Structure formats: structure tokens, C-alpha cells
Amino acid sequence: MLHSQGPIGVFDSGLGGLSVWRHLAALLPQESFIYMADSAHCPYGTRPAEEIVQLSRQLTETLLSQGAKLIVVACNTATAAAITALRQQYPQVQFVGMEPAVKPAALQTRSGHIGVLATAGTLKGRHFHQTLQAYAQHITVHTQVGEGLVEIVEQGHLHTPEAEALLRRYVEPMLAAGIDQLVLGCTHYPFLMPLLERIIGTQPVQIIDPAGAVAKRTQQCLHTQNLATSSTTLPQYRFLTTGSAQGLALFLEQWQLLPLGHVPSIQSVDLDPLGYTKIHKI
Ligand code: DGL
């Protein structure tokens with residue numbers, strides 16, 4: 707039974723989905739959240755789709771067992787591989803997924819060239835190709851797999867010459883091709899913003915992150931499903947990770963993701979292949 711006073715569940719292959727979570731928490735300040743990071747299996751982008759479906763099921767089970775009332779799949783790769791299967795398996799649950807923001811980029815471009823930076827799994831997905839068919843027939847779309855970028859964000863190696871060199875290798879050819887819109891098609895990539903801004907410099911390129919739109923869609927779903935909370939007390943923020951709880955705590959602190967006055971609960975969990983999830987206290 708989904709209860710309106712329950713938390714909103716959010717999951718990602720790792721810490722990247724926190725770039726979506728921060729928009730959700732800002733737009734829905736009364737709502738409690740439970741965020742699940744599968745950092746132990748990150749990255750998803752190079753895994754076969756069946757494996758991503760299996761992992762996404764386990765994350766969904768964990769969130770539902772902790773009372774989640776709606777689930778935001780804050781991962782483009784898991785959305786591409788698994789959201790259809792999740793919707794079939796849990797018809798009573800509302801899932802909100804990520805979508806590479808090709809539509810707004812195609813509407814706003816003046817040069818007729820847009821760039822999409824995403825994982826291999828997202829760019830291969832049927833959904834991405836349908837989106838191109840629907841919105842981008844009249845423009846040129848330059849796609850680039852961001853191999854290695856997710857790991858840089860997970861490990862916090864952003865401020866290294868290697869990280870900047872890798873990102874330059876991906877972005878500069880798109881800039882040279884004349885893009886004026888760059889779509890971030892992976893929820894880890896907004897954390898590369900300081901580097902991206904340095905690489906793009908004064909060139910007139912707009913960077914598009916769909917997280918704000920996903921937060922708005924979540925808000926609409928809560929209302930149409932009668933799941934918005936009526937509570938006026940301070941919401942609770944829980945974070946579960948299959949990786950390091952300390953690493954997640956550090957990431958939240960470094961990026962100042964928590965609104966003032968919130969003390970989060972952060973726990974590590976083991977995903978058991980048989981579907982039992984063990985939650986450890988730290
Ligand atoms: N944040 C995930 C996404 O949006 C990263 C994918 C991965 O783990 O490779 O696609």
C-alpha cells in the first residue's frame with residue numbers, strides 16, 4: 707500500500723542521481739526522501755541491459771520495503787534499460803524516469819547542431835532513438851559516449867588534469883562542429899559543470915540538464931496520484947548505498963547538497979541476489 711506520508715524513493719547507479727535529488731528536495735521541501743546509490747555496481751553504462759534490469763529491480767524492492775510511495779529513476783542508463791520492465795512488474799507504483807533533453811535543445815538551437823554526452827547504454831537505447839526521430843530530424847545531433855566520466859565523479863577526482871583532459875577530448879570536437887546546445891545525458895555529468903564551464907569558456911553554448919524538468923514531473927505525479935504529503939514537520943532524508951557510507955556523506959558535504967538544518971541518515975546496504983537487502987547502521 708503506497709502511503710502519501712511515505713518518502714519519495716530515488717535511485718541511481720551511484721552518486722550522480724544526487725544531481726536530480728537536489729532539484730527534487732528544492733522543489734518539494736515538505737517531502738521526505740530515500741535515496742539509493744548502487745555505487746558497488748557503478749558504472750551501469752557498460753553493463754548488459756538484462757543486468758541493469760536485475761539491479762534496478764533490487765533497488766526498487768529495497769526502496770519499496772522502506773515505504774517509498776513513488777520512485778524516481780535518477781539514472782538515464784537505468785531508465786533506458788529498465789523502466790519499462792519496472793512498470794510492468796510494479797503496476798501499482800508510479801515511476802518517473804530520466805530523458806536526455808533532446809527536445810528543448812532541438813527547439814533552442816540556432817546553429818542546427820546539438821551535442822549529447824551520455825553513457826553507451828543510454829545512446830544505444832531504443833528510447834533515445836525514438837526521441838531523435840520525434841524531435842531532431844531537422845538538426846544534426848553529435849553524440850559522444852562519456853567513457854570514464856562517471857568514475858571520475860564517483861571517486862571525486864574532478865580537479866585533476868586527467869579529468870579535464872578526458873572531458874576536453876569529448877567536448878572539443880562537438881564545439882568544433884558548431885554545437886550551441888550541450889545535453890547532459892547522464893546524471894553524474896552535472897557534477898562536471900565547473901570543468902565544462904572552463905572548457906566551453908566564452909563560446910555561446912548552453913548546457914542542458916533535465917533534472918529540473920524531472921523534479922516538476924515528479925511534483926505533477928504526486929498530485930495526480932494523491933500522494934503529496936500533508937505533513938508540515940521537517941522532512942527526513944535517508945541515503946542508502948551499496949558502496950561507502952562515508953564516501954556518500956563526504957560527497958553530500960563537498961557539494962553542499964543538504965539544505966541547512968537537515969541531519970541525514972546514511973547507511974550502507976548489501977544487495978542480496980535473492981532479493982533480501984541487509985541495511986547496516988554506521
Ligand atoms: N548516472 C547514470 C546515468 O545517468 C550513470 C550511468 C553509469 O553508471 O554508467 O546514466
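Here the sequence shown is numbered in the working numbering, starting from 707 and rising by one per residue.
Ideal Cβ positions, reconstructed from N, Cα and C, are used throughout, including at glycine.
Please read all numbers here as calculations on a predicted model, not as lab measurements.
Any chain D beta carbon closer than 7 Å to residue i
i           : result
residue 878 : Judged by its chain identifiers, the structure shown contains no chain D, having just a single protein chain.
Close Cβ partners of residue i (< 7 Å) along its chain, the five nearest in sequence each way excluded
i           : result
residue 826 : 751, 752 and 851
residue 834 : 786, 806 and 828
residue 804 : 779, 780, 781, 782, 785, 893, 916 and 920
Proximity of residue i and residue j at Cβ, strictly below 7 Å
i           : j           : result
residue 701 : residue 725 : The requested residue 701 does not occur in the structure, where the chain is confined to residues 707 to 988.
residue 683 : residue 774 : The requested residue 683 does not occur in the structure, where the chain is confined to residues 707 to 988.
residue 907 : residue 819 : no
residue 748 : residue 860 : yes
residue 737 : residue 930 : no
residue 865 : residue 722 : no
residue 781 : residue 824 : no
residue 821 : residue 844 : no
residue 905 : residue 811 : no
residue 762 : residue 746 : no
residue 711 : residue 937 : yes
Distance between beta carbons of residue j and residue i, contact taken as under 8 Å
i            : j           : result
residue 971  : residue 944 : 5 Å
residue 855  : residue 873 : 7 Å
residue 755  : residue 718 : That pair is no contact at about 17 Å.
residue 886  : residue 832 : Between residue 832 and residue 886 the Cβ distance is about 27 Å, and since that is not below 8 Å, they are no contact.
residue 766  : residue 777 : 6 Å
residue 946  : residue 911 : Not really, about 36 Å apart at Cβ, beyond 8 Å.
residue 1066 : residue 838 : This structure leaves residue 1066 out entirely; the chain is present only between 707 and 988.
Nonlocal neighbours in the same chain, by C-beta distance under 6 Å from residue i, ignoring five residues either side
i           : result
residue 863 : 869
residue 727 : 716 and 741
residue 800 : 776, 927 and 931
*Go through the region 831-903 residue by residue and report every complete run of the alpha helix (DSSP H) that reaches 4 residues or more, in order.*
The qualifying runs are 832-841, 855-861 and 867-882.
*Is the number of C-beta pairs between the region 919-939 and the region 947-964 that are closer than 8 Å three or more?*
Taking a cut-off of 8 Å for Cβ pairs, the region 919-939 and the region 947-964 do not touch, as fewer than three such pairs fall below it.
*Return the chain-ordered ranges of every beta strand (DSSP E) run that is complete within the region 709-761 and spans a minimum of 3 residues.*
Here the runs fully enclosed are 714-718 and 739-743.
_Whole alpha helix (DSSP H) elements within the region 892-979, 4-residue minimum_ = Uninterrupted alpha helix (DSSP H) stretches at least 4 residues long and entirely within the region 892-979 occur at 899-906, 917-930 and 951-960, given in chain order.
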